[in-house]
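K.L.:
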Amino acid sequence: RPVCTARRSRRRTRSPIWLATPSEPSSFLPSLQRSGRQEALVEFVASANRFRVYVPRSTCLVTLLLTGVECPRTPRRLPNGSEEPGEPFGEEASRFVKELCLQREVEVLVEACDRGGNFIGHLFVDGENLAVSLVEKGYGKVHFTAEKSDYYPALSKAEEKAKADKLNVWSVASTTDNGRAESAASGPASGQKGRTPLVIRPDLSFCVQLADDAERRAPASLPLFAKNSKSGARPCRVPTRLAKATCALFASTRARVLKSDSTGKTVSLIDLGLEKIINNVADIAQLPDSLRAQAPLARVCRLAFSQPPPDEEDIQLSVELMLDTVANKPATVRRVYESDGVAYVQLVEKASGVDVAELLLEKGLLFIDRRPPMGSKSGKGGELYSKYAAKQAVAFKARLNIWRYGDFRDDDD
Numbered sequence: 002r003p004v005c006t007a008r009r010s011r012r013r014t015r016s017p018i019w020l021a022t023p024s025e026p027s028s029f030l031p032s033l034q035r036s037g038r039q040e041a042l043v044e045f046v047a048s049a050n051r052f053r054v055y056v057p058r059s060t061c062l063v064t065l066l067l068t069g070v071e072c073p074r075t076p077r078r079l080p081n082g083s084e085e086p087g088e089p090f091g092e093e094a095s096r097f098v099k100e101l102c103l104q105r106e107v108e109v110l111v112e113a114c115d116r117g118g119n120f121i122g123h124l125f126v127d128g129e130n131l132a133v134s135l136v137e138k139g140y141g142k143v144h145f146t147a148e149k150s151d152y153y154p155a156l157s158k159a160e161e162k163a164k165a166d167k168l169n170v171w172s173v174a175s176t177t178d179n180g181r182a183e184s185a186a187s188g189p190a191s192g193q194k195g196r197t198p199l200v201i202r203p204d205l206s207f208c209v210q211l212a213d214d215a216e217r218r219a220p221a222s223l224p225l226f227a228k229n230s231k232s233g234a235r236p237c238r239v240p241t242r243l244a245k246a247t248c249a250l251f252a253s254t255r256a257r258v259l260k261s262d263s264t265g266k267t268v269s270l271i272d273l274g275l276e277k278i279i280n281n282v283a284d285i286a287q288l289p290d291s292l293r294a295q296a297p298l299a300r301v302c303r304l305a306f307s308q309p310p311p312d313e314e315d316i317q318l319s320v321e322l323m324l325d326t327v328a329n330k331p332a333t334v335r336r337v338y339e340s341d342g343v344a345y346v347q348l349v350e351k352a353s354g355v356d357v358a359e360l361l362l363e364k365g366l367l368f369i370d371r372r373p374p375m376g377s378k379s380g381k382g383g384e385l386y387s388k389y390a391a392k393q394a395v396a397f398k399a400r401l402n403i404w405r406y407g408d409f410r411d412d413d414d
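Here the sequence shown is numbered in my numbering, starting from 2 and rising by one per residue.
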């Protein structure tokens, strides 16, 4: 159009893209719920059941969590800078989802929103529910929240098939069942005696070997070692599949390969709760099916309702106090609830009766989770949570250790 024309040209405007933040989820949720099943674009895949999606109809970029399915975690970096290892098949599940829907047009159905501003709902790829596909491939388990969903029959059928075929996560023995939170009085680990290993991880998780399991391990390891080392079991001449149970000949115990690179193979000794790096491939042999199917004797646990300190020095103090209290000593382990494949327990040193979490909270070397999993505070779990909160209040008032500069927690902690 000529520069001197009397008519003004119409200015073209673009609709802004709104980013749903934790402070403004309510402004997006009603619109997304009314729209029902609508088109979206997957911008980013954080894990197998967590996505960043762009919804053109509402011109917003939101975080979507798949409902009704629990997937294995991938490795992640904690706020204190330490690295939390992932669960078996976590990376494979994430890779499966990326190949299926990353940077592709999909459909989403939003049902709810959590307190962190994340939307909860379903994602469909070529008309197929992604949660059903994950469960069908053995990359996820049906969560108890799916029972009220219209897709629960399809999810249950897919899980039964994957479990029967022992696909992926079902090929590894697990202590969880459908992600249900269990009360302190239920479950096989409730009230059992065990002992903790010398190694406690930076996130204060630890492995417990129950007394009955320890008695079974000693005689079982001898024929295992003899059969594989003397009777000609074939060492692994090819890269061992990750997360698959093998035999570590040098330690006379079962191991699971976590990582394989030029420096060697990093394995988890699943009956001891330790990690080792093996440089010589001949030190690894294939396990017979009967031994591979047995559940690990070392069980990964964390202290119930607790979070590790944010500072590395305070974490080291917490680890040292835990070691002084329960290392190589008989202890009582009582499961309070389970979440993401990890048992959250009450750990009590048998001789003195000291509750480890209660001791750490009283010393200001631990803080409680203000948003524990749904159902974990029912029954005796609620009583335990109240007792821990009282101990934390004492440490906070005295400004001990992690509280020396006041309340450091964010609103989401």
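Where is the CB? At the ideal position from N, CA and C, for every residue including glycine.
Do Glu-106 and the ligand MN come close, with the Cβ less than 8 Å from some heavy atom?
P.N.:
By its list of ligands, the structure shown contains no ligand whatsoever, and the ligand MN lies outside what it can speak to.
K.L.:
Given that a residue counts as buried once 16 or more other Cβ atoms are within 10 Å of its Cβ, and exposed if not, what is Lys-167?
P.N.:
Counting Cβ neighbours within 10 Å, Lys-167 comes out exposed, since fewer than 16 surround it.
K.L.:
Would you decide whether Gly-407 is buried or exposed? Buried here means 16 or more other CB atoms lie within 10 Å of its CB.
P.N.:
So Gly-407 counts as exposed.
K.L.:
On the CB-based measure, 16 or more other CB atoms within 10 Å of its CB, does Pro-309 come out buried or exposed?
P.N.:
Per the 10 Å Cβ criterion, buried.
K.L.:
What does the Cβ neighbour count give for Asn-329, buried or exposed, with the cut at 16 atoms within 10 Å?
P.N.:
Asn-329 is exposed by the Cβ-count criterion.
K.L.:
Do Val-355 and Cys-302 count as a contact pair if the criterion is CB distance below 9 Å?
P.N.:
Not in contact: Cys-302 and Val-355 (Cβ atoms no closer than 9 Å).
K.L.:
Does any residue of chain C have a CB that is nearer than 9 Å to the CB of Lys-330?
P.N.:
Here there is only one protein chain, and chain C is not present.
K.L.:
Kindly indicate the opening and closing residues of the alpha helix (DSSP H) around Thr-326.
P.N.:
313–327 is the extent of the alpha helix (DSSP H) around Thr-326.
K.L.:
Out of Gly-128, Ala-165, Arg-300 and Gly-118, which one is the CA nearest neighbour of Ser-206?
P.N.:
The candidate whose alpha carbon is nearest that of Ser-206 is Arg-300.
K.L.:
Which value, in whole angstroms, describes the spacing of the CA atoms of Pro-240 and Gln-287?
P.N.:
The pLDDT assigned to Pro-240 is 44, lower than 50, so where the model puts this residue is not dependable; a value taken from the coordinates is nonetheless given after this. In a straight line, the C-alpha of Pro-240 is about 12 Å away from that of Gln-287.
K.L.:
Give a yes or no on contact between the region 361–372 and the region 394–405, applying the rule of three or more CB pairs nearer than 8 Å.
P.N.:
A contact exists between the region 361–372 and the region 394–405.
K.L.:
Are Ala-147 and Tyr-140 closer than 9 Å when you measure CB to CB?
P.N.:
No, they are not a contact pair.
K.L.:
Indicate whether Leu-156 and Val-126 have their beta-carbon atoms separated by less than 9 Å.
P.N.:
No. Outside cutoff.
K.L.:
So Tyr-345 is in the beta strand (DSSP E); what residue range does that whole segment cover?
P.N.:
Its beta strand (DSSP E) spans residues 343–350.
K.L.:
Quick check on this structure: which residue in Ile-121, Met-375 and Gly-69 has the alpha carbon closest to the alpha carbon of Lys-142?
P.N.:
Residue Gly-69 is the option with its Cα nearest to Lys-142.
K.L.:
Cutting at 8 Å between CB atoms, please list the residues of its own chain near Val-320, excluding the five before and the five after it.
P.N.:
Excluding residues within five positions, the ones whose Cβ falls inside 8 Å are Ile-201, Pro-203 and Leu-205.
K.L.:
Return the first residue and the last residue of the beta strand (DSSP E) that Tyr-338 is part of.
P.N.:
Residues 331–340.
K.L.:
I'd like the list of long-range same chain contacts for Tyr-55, defined as Cβ closer than 6 Å, with 5 residues on each side in sequence excluded.
P.N.:
Leu-42, Glu-44 and Leu-62.
K.L.:
Express the C-alpha separation of Phe-29 and Arg-255 in angstroms, rounding to a whole number.
P.N.:
Roughly 50 Å between the two C-alpha positions.
K.L.:
Let me know if Thr-326 comes out buried or exposed under the rule of 16 or more other beta-carbons within 10 Å of its beta-carbon.
P.N.:
Thr-326 comes out buried.
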